[in-house]
Every structure is written in structure tokens, then in C-alpha cells.
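In terms of numbering that gives the first Met the number 0, the sequence shown is residues 0 to 181. Glycine included, each C-beta is placed from N, C-alpha and C at the ideal position. Small disclaimer: the values here were computed from a predicted structure and weren't measured. Worksheet: the structure to be examined is printed underneath.
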Amino acid sequence: MMDPVKIIRKYYEPGSSAYETLIGHGLSVSRKAAEAALNVSHLNPDMEFIREAAMLHDIGIFLTDTPELGCRGDLPYICHGYLGKALLLEMGLPRHARVCENHVGVGITVGDIRKNGLPLPERDMIPETLEERIICYADKFFSKNPNGSSEEKPLEHIIQGLKPYGEDKVSRFLNWVEIFGC
Numbered sequence: 000m001m002d003p004v005k006i007i008r009k010y011y012e013p014g015s016s017a018y019e020t021l022i023g024h025g026l027s028v029s030r031k032a033a034e035a036a037l038n039v040s041h042l043n044p045d046m047e048f049i050r051e052a053a054m055l056h057d058i059g060i061f062l063t064d065t066p067e068l069g070c071r072g073d074l075p076y077i078c079h080g081y082l083g084k085a086l087l088l089e090m091g092l093p094r095h096a097r098v099c100e101n102h103v104g105v106g107i108t109v110g111d112i113r114k115n116g117l118p119l120p121e122r123d124m125i126p127e128t129l130e131e132r133i134i135c136y137a138d139k140f141f142s143k144n145p146n147g148s149s150e151e152k153p154l155e156h157i158i159q160g161l162k163p164y165g166e167d168k169v170s171r172f173l174n175w176v177e178i179f180g181c
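Right under this line is the structure:
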């Protein structure tokens with residue numbers, strides 16, 4: 000059994016703002032993802048993988064320039080997904096790495112990248128597996144909070160936040176609401 004906190008400690012100083020933010024957010028997303036997975040237990044989601052990947056999905060934030068989260072990297076925050084993927088691929092964790100890359104927003108397409116001039120590799124970064132969708136869904140309910148706590152966002156707040164990115168994003172999320180029911 001893999002210990003995601005041990006992996007996080009490889010890149011984050013325990014007690015630092017970035018560490019507390021990442022752990023607090025990861026625990027909140029992990030709990031929500033477990034709840035969503037239980038609602039589709041007939042589909043046999045990999046619960047252990049969901050717990051691990053939910054804790055690690057934002058591991059790349061330290062490489063971004065996001066001082067409000069205690070991160071002093073060089074790249075824009077939107078890059079944290081593919082940066083996290085690279086870290087976890089180096090560790091031999093390709094399934095976990097896919098979650099990192101594919102969880103941003105409700106997924107980002109090559110068309111989104113080109114249309115908006117995003118500083119991302121030109122490839123589709125869409126959650127495809129059941130576990131990827133569950134974690135991406137659960138992540139939308141929580142913002143990262145520097146004090147490590149997370150309050151769950153109301154559904155309407157999430158929907159309003161997705162609207163500027165297109166009705167297709169809202170539709171994808173609402174489809175997940177129907178499927179995961181929490």
C-alpha cells in the first residue's frame with residue numbers, strides 16, 4: 000500500500016503553508032470522492048486508488064507561482080496538473096499521474112488550450128476513467144485554503160464558476176452530479 004503523505008513530504012515541508020493547504024484540501028477531496036464512489040459502488044470503483052490519488056492530485060502546485068498558497072514556483076497555477084503528472088510518472092505512478100493532469104477544471108481539451116492561449120501542452124486533459132471522474136468531481140467542491148481547512152461549496156456556486164468556461168463544462172459537471180449524486 001502506497002502512502003500519499005510520504006510522497007507529499009518529499010516535495011513539501013511539513014508545517015509549511017503549502018503543505019497544510021495540500022493536506023487539508025486532499026483530505027476534503029478524498030472524503031467527498033469516497034462518498035461519490037460509494038454512490039456508484041455497483042461500478043466497482045477502486046477505493047484505495049481513489050483515496051491515494053485524491054491526496055496527490057494537486058502535488059504539482061509547489062512548482063507554480065501561487066504565493067497565497069505558499070508556492071513560489073515559476074509557472075502559472077493552471078500548469079499544476081501536468082507538472083504533478085511529471086512528478087508522479089517519475090515515481091512510477093502512471094494512474095495517479097493521469098489524475099493530476101486530467102482534474103483541472105472539469106477537463107481541458109486541445110481546443111480549450113488553443114482558443115484561450117493556455118500555457119499547457121497541446122493535448123486533451125480530460126478525466127476518462129471512473130476514478131478520474133470521481134476525483135475531478137469531488138475536487139470542484141473545495142477551494143484550497145492556506146489554513147488547511149475546507150468548507151464545501153454549494154452546487155450553485157460551482158455551476159456559476161464553470162459558466163465562463165462554457166456550457167459544455169457545466170453540462171459535464173451536471174452529468175457527474177446525476178451519476179455520483181452527492
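Residue 1: CB within 7 Å of a non-hydrogen atom of the ligand FMN: You won't find the ligand FMN in this model; it holds no ligand whatsoever.
Outcome for residue 41 when other beta-carbon atoms lying within 10 angstroms are tallied against a minimum of 16: Against the sequence shown, residue 41 aligns to sequence position 42. Exposed is the call here.
Three-state secondary structure assigned by DSSP to residue 123: As a working note, residue 123 is residue 124 in the sequence shown. Reduced to three states, the DSSP call for residue 123 is coil.
Coil, strand or helix - residue 235 by DSSP: Lying before the first or after the last residue shown, residue 235 is absent from the chain, which here runs from 0 to 181.
Three-state secondary structure assigned by DSSP to residue 203: The structure shown does not extend to residue 203, since the chain is modelled only from 0 to 181, so the question has no answer here.
CB of residue 58 within 8 Å of CB of residue 98, strictly: The sequence position of residue 58 within the sequence shown is 59, counting from 1. The sequence position of residue 98 within the sequence shown is 99, counting from 1. Cβ distance not < 8 Å, so residue 58 and residue 98 don't count as in contact.
Residues of its chain near residue 81, where Cβ-Cβ distance is below 8 Å and the 5 sequence neighbours each way are ignored: On the sequence shown, position 82 is the one that residue 81 refers to. Hits under 8 Å: 59, 99, 100, 119, 120 and 124.
Local Cβ density within 10 Å of residue 19, reported as buried at 16 or more and exposed below that: Counted from its first residue, the sequence shown places residue 19 at position 20. Classification of residue 19: buried, given that the 10 Å Cβ count is 16 or more.
Alpha-carbon to alpha-carbon, residue 92 and residue 52: Your numbering for residue 52 matches position 53 in the sequence shown. Your numbering for residue 92 matches position 93 in the sequence shown. Roughly 10 Å between the two C-alpha positions.
Sufficient close CB pairs (3 or more, under 8 Å) joining the region 153 to 167 to the region 62 to 78: no
Candidates 151, 15 and 137: closest to residue 172 by CA position: Along the sequence shown, read from residue 1 onward, the residue named residue 172 stands at position 173. The shortest Cα separation from residue 172 among 151, 15 and 137 belongs to 137.
First through last residue of the alpha helix (DSSP H) which encompasses residue 167: Taking the first residue of the sequence shown as 1, we reach residue 167 at position 168. Unbroken alpha helix (DSSP H) run through residue 167: 166 to 179.
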